[in-house]
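One structure below.
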Amino acid sequence: MVALALKGLGAKYGRHTVLSDVNTDIMAGGGMTAVIGPNAAGKSTLFKRISGLASGPGTVLLSDTLRGQETICYMPQDTGANAVLTVYESVLLASKQGSGWRVSDGELNEIDQTLKALRIEDLAFRGLGELSGGQRQLVSIAQALIRKPEVLLMDEPTSALDLFRQIEVLSFMKALAAKSGMSVLIALHDLNHALRYCENTIVIADGAMAASGPTNDVITADMLREVYRVEARVEACSLGKAIVIVDHSIV
Ligand SMILES: Nc1ncnc2c1ncn2[C@@H]1O[C@H](COP(=O)(O)OP(=O)(O)OP(=O)(O)O)[C@@H](O)[C@H]1O
Ligand SMILES: [Mg+2]
């Protein structure tokens, strides 16, 4: 099982620093950590920095010996489609990234299982360019999962999905993380999803870390006021679980 910690992490685009000094405790594999914060706060930049797509100071610590970039997989927010490929080909291509071109029956079986798990097996031989936005997002998730990373960075993976698919994907990811020992960091705008599916939460605001820790401790009315500029309540729902209710924006 992998464990991950971020120490003094920052990121720059050219000479422009957009993220600085992100520090976390050790995040043990087997669970999901939410990364939340307003638009342009630096969530995607944090993921790019962790996966090596952006440069900057600080260190990404992994518990076991680093086995190359395959260990960390970044699923981007904008899932630009290569319209020439079918769904099946695109997932096969993702599985082959960083390895040879031979394809075993076992690998083809894994692709079938992954498409089935996400209920997109019917789309296997459709062209990526013919899919709906939500269908494309599910294919991106399949492409990330087929690589079996130890650290999976998912940038708003449910933003294009309907209610059924949102909770299905998040429950599936949580169960998969627990089963495989993978560490999943997941950027989310729906804070109720963070409360329901993520043990820990990192808050990014204005290019810095505003808070981090157990989700129930981090998502508070004070944090929502300061970071999101909304007046909100964090209350227990009829099942006794914490839920965010937003009353109004603060201008
Ligand atoms: N390639 C780039 N070059 C220069 N600046 C960039 C680049 N990508 C992002 N930025 C800037 O860096 C800042 C952080 O952007 P980032 O994409 O990390 O935000 P975010 O928290 O993911 O926002 P959102 O919730 O809208 O996805 C923003 O001010 C953005 O304009
Ligand atoms: Mg983003």
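Numbering follows my numbering, in which position 22 of the sequence shown is assigned residue number 3; successive positions increment by one, without gaps.
Ideal Cβ positions, reconstructed from N, Cα and C, are used throughout, including at glycine.
Would you say the beta carbon of residue i is closer than 8 Å to some non-hydrogen atom of ligand 2?
| i | result |
| --- | --- |
| Glu88 | no |
| Ala168 | yes |
Could you have a look at residue i and say whether DSSP puts it in helix, strand or coil?
| i | result |
| --- | --- |
| Ala75 | helix |
| Gln50 | Note that Gln50 scores a pLDDT of 47, beneath 50, so its modelled location is shaky; the value from the coordinates is reported in the next line. Helix, per DSSP. |
| Ala158 | helix |
| Thr5 | coil |
For residue i, which residues in the same chain have their Cβ closer than 8 Å to its Cβ, ignoring the five residues on either side in sequence?
| i | result |
| --- | --- |
| Ala191 | Gly18, Val184, Ile185, Met204, Glu207 and Val208 |
| Val225 | Leu172, Asn173, Leu176, Ile200, Leu205, Ala213, Arg214 and Val215 |
| Phe106 | Thr67, Val68 and Tyr69 |
Please list, in chain order, all residues of the same chain as residue i whose beta carbon is under 7 Å from its beta carbon, the five residues on each side excluded.
| i | result |
| --- | --- |
| Gln78 | Arg128 |
| Ala189 | Ser1 and Asp2 |
| Arg210 | Ser230 and Ile231 |
| Ala123 | Val72, Thr95, Leu96, Leu99 and Ile101 |
| Leu126 | Thr95 |
Going by DSSP, which residues form a beta bridge with residue i?
| i | result |
| --- | --- |
| Ala(-8) | Leu0 |
| Asp136 | Ala168 |
| Ser36 | Lys(-7) |
| Ala(-14) | Leu42 |
| Val16 | Ala168 and Ile183 |
| Thr67 | Gly108 |
For residue i, which residues from the same chain have a beta carbon less than 6 Å from its beta carbon, with the 5 sequence-adjacent residues on both sides left out?
| i | result |
| --- | --- |
| Thr5 | Ala(-14), Leu(-13) and Ser193 |
| Ala22 | Ile185 and Ala186 |
| Ile7 | Ala(-16) and Ala(-14) |
Please tell me whether, using a cut-off of 8 Å, the distance from the CB of residue i to the nearest non-hydrogen atom of ligand 1 is below it.
| i | result |
| --- | --- |
| Pro138 | no |
| Gln94 | no |
| Val(-1) | yes |
| Pro195 | no |
| Gln118 | no |
| Thr26 | yes |
| Pro57 | no |
Handout entry: Runs of alpha helix (DSSP H) lying entirely within the segment 160 to 230, each at least 4 residues, in chain order
Key = Segments of the alpha helix (DSSP H) lying fully in the segment 160 to 230: 172 to 178, 196 to 199 and 202 to 209.
Problem - Runs of beta strand (DSSP E) lying entirely within the segment 98 to 155, each at least 3 residues, in chain order - result: DSSP runs (the beta strand (DSSP E)) wholly in the segment 98 to 155: 132 to 136.
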